[in-house]
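Novice:
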Amino acid sequence: MKYIDEFRNAELVKILTEKIRAEAKKEINLMEVCGGHTWAIQKFGIPSLMPKEVRLISGPGCPVCVTGRRYIDQAIAYSRLNDTIITTFGDLIRVPGSTSSLNLEKSKGADIRIVYSILDALKIARVNPSKKVIFLGIGFEATASSSAAGVFNAKKENLTNFFLFSSHKIMPPAMSALIDEGIKINGYLAPGHVSAITGSHIYDEFPVKYKVGCVISGFEPVDILQSIYMLQQQVNDEQYRVEIQYNRVVNHEGNLKAKELIAQVFTLRDDWWRGLGVLKGSGLGLSEAYADYDAEKMITVAVEKTLEEKGCICGEILKGLKKPDECRLFAKACTPSNPVGSCMVSHEGACAAYYNFGRH
Amino acid sequence: MCLGIPSKIVSIDGDNAIVSVGGTRVEASLQLLTDIQVGDYVLLHTGFAIEKISPEEAEETLKLLQKLGEPEGEIKPSENKVD
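Quick note, the sequences are listed as chains X and G, same order.
Each residue of the first sequence is one higher than the one before, starting from 1 at the first, in this note's numbering.
Each residue of the second sequence is one higher than the one before, starting from 1001 at the first, in this note's numbering.
Spelled out as structure tokens, the structure:
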């Protein structure tokens, strides 16, 4: 496929791998904060190409992984209401809640439908006017823009039985929180599709305030290797800056139309992240103008007491403090078909990616 | 969820388009973009085209990397997009 095959070129991979080895002058920690990168890095075996000086660490970039159990429990509670249809991306339905999961509720008869897009959820709402249709909105700026468009369209066409249950988050507060917590990061492999929406300026504080490089990367092996090489050069020269490797898609200003929609439909609020706790101004709740489409405000439901999983170290894995195989549950009690923690559920989760591709 | 797929615009009807994803035709919303033409490549993400793919930038990146493989090949900072 165009724009994929060229960036999987073996010759370019070899050139870049040699450059990275030659540039390996000191030990550096590079963190990716996008689930798509986590998956791609493991799938393409990028760690096996790295010299020992370059350490690749997975951060809190998988939306399913950072979402709190309380959110899953509330979605489950909604799914138990008689007149309700839950619409969701596929990843979320297997995430364990405190005592159940959406998958389990579906098997018991709850009307839970997997959709590819919020636009599919709107279609379901149109043909089911007697039901309340709730879309589970999770993810960072890229999925937040599609949720914003969906809610905007619902209001425009006066669709009164459609609701968003938002757990959308923005990435920079988590990136700051990791460094503030003392986690040693020399460079961020910044998320490609988040940045397509936001542009590059959301990372401007990292080189200045923290002396941490940021390279916005694409998702193919050549993209990732080039981004690693660019970060290595920044670290070796001690010249930290924000660079765009994925310039066929990302520009400095971002997608202005999408940013405007997000600003109109959402408002910043404090939000809880697995591993990081509550981060100020890191979540996106619906703004007052769109309160009629906010599931949390419009649909009252009793939610069971949150019980956290025992023995799971997802929180430490999401901060890059531990690798998946350092968890005693990994590949034993916790597998993709029977996940204990959220990092094993989504293919973008560090544990699932490591389970599927990274074990030797 | 971060998955974005390069897709070619086949036809456009207002804010809706049919795109080809490696030969498979699917619906895509153009609501988040402006000035999209048939034949353009866009990045498809959860049903929305979120950005147009620049053929010039893609070609330039690949050329730059080929150059990197030549003896003494080096990317100068000025050749990267620096913020």
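Idealized CB from N, CA, C, for every residue including glycine.
Please read all numbers here as calculations on a predicted model, not as lab measurements.
Output the distance between the C-alpha atoms of residue 1055 of chain G and residue 187 of chain X, rounded to the nearest integer angstrom.
Specialist: One-based indexing of the second sequence puts residue 1055 of chain G at position 55. One-based indexing of the first sequence puts residue 187 of chain X at position 187. Taking the straight line from one Cα to the other gives about 28 Å.
Novice: Is the shortest distance between the beta-carbon of residue 1030 of chain G and the beta-carbons of chain X less than 7 Å?
Specialist: As a first step, residue 1030 of chain G is located in the second sequence; it is residue number 30 there, counting from the start. By this cut-off, residue 1030 of chain G is not an interface position.
Novice: Skipping 5 residues on each side, what residues in its chain have a beta carbon closer than 6 Å to that of residue 39 of chain X?
Specialist: The residue you call residue 39 of chain X lines up with position 39 of the first sequence. So the list reads 347, 348, 353, once near-sequence residues are dropped.
Novice: Measuring CA to CA, which of X:241, X:336, X:99, X:76 is closest to residue 208 of chain X?
Specialist: Along the first sequence, read from residue 1 onward, the residue named residue 208 of chain X stands at position 208. When only C-alpha atoms are compared, the closest one is X:241.
Novice: Please classify residue 339 of chain X: does DSSP put it in a helix, a strand, or coil?
Specialist: Working through the first sequence from its first residue, we reach residue 339 of chain X at position 339. Three-state DSSP puts residue 339 of chain X in coil, outside helix and strand.
Novice: Within its chain, find whatever has a CB closer than 6 Å to the CB of residue 138 of chain X; leave out the 5 residues flanking it on each side and keep chain order.
Specialist: One-based indexing of the first sequence puts residue 138 of chain X at position 138. So the list reads 63, 67, 167, once near-sequence residues are dropped.
Novice: From residue 1015 of chain G to residue 225 of chain X, what does the alpha carbon distance come to, in whole angstroms?
Specialist: Mapped onto the second sequence, residue 1015 of chain G falls at position 15. Mapped onto the first sequence, residue 225 of chain X falls at position 225. If you take the alpha carbons of residue 1015 of chain G and residue 225 of chain X, they lie about 36 Å apart.
Novice: Which residues of the stretch 1030-1058 of chain G have a Cβ closer than 9 Å to any Cβ of chain X? Give them in chain order.
Specialist: 1031, 1032, 1033, 1034, 1041, 1043, 1045, 1046, 1047, 1048, 1050, 1051, 1052, 1053, 1054, 1055, 1056, 1057, 1058
Novice: With distance defined between alpha-carbon atoms, name the residue in X:118, X:125, X:131, X:157 nearest to residue 145 of chain X.
Specialist: Within the first sequence, the letter at position 145 stands for residue 145 of chain X. It is X:118.
Novice: Please classify residue 227 of chain X: does DSSP put it in a helix, a strand, or coil?
Specialist: Translated into the one-based positions of the first sequence, residue 227 of chain X becomes position 227. Here residue 227 of chain X sits in helix by DSSP.
Novice: For residue 211 of chain X, decide whether its Cβ has a neighbour in chain G, counting only Cβ atoms nearer than 7 Å.
Specialist: For the purposes of this step, residue 211 of chain X is taken as the residue at position 211 of the first sequence. Not closer than 7 Å to any Cβ of chain G, the Cβ of residue 211 of chain X fails to qualify, so no.
Novice: Suppose you measure from the CA of residue 1061 of chain G to the CA of residue 70 of chain X; what does that come to, to the nearest Å?
Specialist: For the purposes of this step, residue 1061 of chain G is taken as residue 61 along the second sequence, with counting starting at 1. For the purposes of this step, residue 70 of chain X is taken as residue 70 along the first sequence, with counting starting at 1. Each residue's Cα considered, the two are about 44 Å apart.
Novice: Helix, strand or coil for residue 15 of chain X? Go by DSSP, reduced to three states.
Specialist: Translated into positions along the first sequence, residue 15 of chain X becomes position 15. In this structure, residue 15 of chain X counts as helix in the three-state DSSP scheme.
Novice: Can you check which of these residues, X:319, X:322, X:320, X:344, is closest to residue 331 of chain X by C-alpha distance?
Specialist: Walking along the first sequence from the start, residue 331 of chain X turns up at place 331. Minimum Cα distance to residue 331 of chain X is reached at X:344.
Novice: What residues from chain X crowd round residue 1061 of chain G, counting only those whose CB sits closer than 8 Å?
Specialist: Translated into positions along the second sequence, residue 1061 of chain G becomes position 61. Those are 226, 245, 247, 248, listed as they occur along chain X.
Novice: Mind checking residue 260 of chain X: buried by the 16 CB within 10 Å criterion, or exposed?
Specialist: Counting from 1 along the first sequence, the entry for residue 260 of chain X is found at position 260. So residue 260 of chain X ends up on the exposed side.
Novice: What does DSSP give as the partner residues of residue 1006 of chain G in its beta bridges?
Specialist: By 1-based counting over the second sequence, the position of residue 1006 of chain G is 6. Paired residue(s): G:1043.
Novice: Between the stretch 109-129 of chain X and the stretch 156-172 of chain X, can you find at least three pairs of beta-carbon atoms closer than 8 Å?
Specialist: Enough Cβ pairs lie closer than 8 Å, so yes.
Novice: With a CB to CB cut of under 7 Å and the five nearest residues on each side skipped, what residues in its chain are close to residue 1047 of chain G?
Specialist: As a working mapping, residue 1047 of chain G is identified with position 47 in the second sequence. Same-chain partners within the cutoff: 1028, 1029.
Novice: Under the rule that 16 or more other beta-carbon atoms within 10 Å means buried, what is residue 18 of chain X, buried or exposed?
Specialist: To locate residue 18 of chain X, count along the first sequence from 1; it is residue 18. Exposed is the call here.
Novice: Determine the extent of the beta strand (DSSP E) in which residue 214 of chain X is found, giving its start and end residues.
Specialist: Position 214 of the first sequence, counted from the start, is the residue given in the question as residue 214 of chain X. It spans 213-216 - the beta strand (DSSP E) in which residue 214 of chain X sits, taken as one unbroken run.
Novice: Do you know how far the Cα of residue 136 of chain X is from the Cα of residue 29 of chain X?
Specialist: Your numbering for residue 29 of chain X matches position 29 in the first sequence. Your numbering for residue 136 of chain X matches position 136 in the first sequence. One C-alpha to the other measures close to 34 Å.
Novice: Give the secondary structure of residue 244 of chain X by DSSP, where H, G and I count as helix, E and B as strand, and everything else as coil.
Specialist: Locating residue 244 of chain X in the first sequence gives position 244, counting from the first residue. If DSSP states are grouped into helix, strand and coil, residue 244 of chain X belongs with the strands.
Novice: Please report the straight-line C-alpha distance between residue 78 of chain X and residue 100 of chain X, rounded to a whole angstrom.
Specialist: As a position in the first sequence, residue 78 of chain X is number 78, starting the count at 1. As a position in the first sequence, residue 100 of chain X is number 100, starting the count at 1. If I take the Cα positions, the gap works out to 13 Å.
Novice: Taking a cut of 9 Å between CB atoms, which residues from the stretch 184-209 of chain X lie near chain G?
Specialist: 191, 192, 193, 194, 196, 197, 200, 201, 203, 204, 207
Novice: From residue 248 of chain X to residue 150 of chain X, what distance separates their C-alpha atoms?
Specialist: As a working mapping, residue 248 of chain X is identified with position 248 in the first sequence. As a working mapping, residue 150 of chain X is identified with position 150 in the first sequence. Taking the straight line joining both Cα atoms gives about 26 Å.
Novice: Could you give the first and the last residue of the continuous beta strand (DSSP E) run that contains residue 289 of chain X?
Specialist: Here residue 289 of chain X corresponds to residue number 289 of the first sequence, with the count starting at 1. It is not in any beta strand (DSSP E) - residue 289 of chain X carries neither H nor E in the DSSP assignment.
Novice: Please list, in chain order, all residues of the same chain as residue 35 of chain X whose beta carbon is under 6 Å from its beta carbon, the five residues on each side excluded.
Specialist: Taking the first residue of the first sequence as 1, we reach residue 35 of chain X at position 35. These residues qualify, in order along the chain: 61, 62, 348.
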